[in-house]
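Notes follow the structure.
Numbering (the numbering used here), first residue to last: 68 to 196.
Written as structure tokens, this is what we have:
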């Protein structure tokens, strides 16, 4: 299992990623990875996750950027001391790659900032890169 962690302005983003053999078809060059993210508000301000921005790089160096509102159909509001956890997935056309990005956040008083999602590996078992 691959992991990463970053803290930006009191917002901790922890990632655990793993290969999903049940969703993958290696003979068709399709590998699928699941990642679980916990976003914890360790600041003293209420924040809302407004948008996400992912940068996904596969083994060939192909880069794909994914942007959109919220995560898993939600734009969670996190009060101080609260966390939000979700699981999503990422398809790749190679057995390994990386993901990183940020969540665009807004505080209750209107200040905006980007909370970092530190890079993490996506790697099928028995692959070496």
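Each residue gets a CB set at the ideal place from its N, CA and C atoms; glycine is no exception.
Where does the unbroken beta strand (DSSP E) through residue 130 begin, and where does it stop? 130-136 is the extent of the beta strand (DSSP E) around residue 130.
Residue 94 in three-state terms, based on DSSP: Residue 94 falls in the helix class under three-state DSSP.
Okay, do the stretch 81-101 and the stretch 127-147 touch, 3+ Cβ pairs below 8 Å being the bar? Output reads no: the stretch 127-147 does not touch the stretch 81-101.
Helix, strand or coil: which one does DSSP assign to residue 88? Three-state result, residue 88: helix.
Is there a C-beta anywhere in chain B that falls below 8 Å from the one on residue 166? The chain inventory of the structure shown lacks chain B, comprising one protein chain alone.
With which residues is residue 171 paired in a DSSP beta bridge? Answer by DSSP bridge pairing, in chain order: 118, 181.
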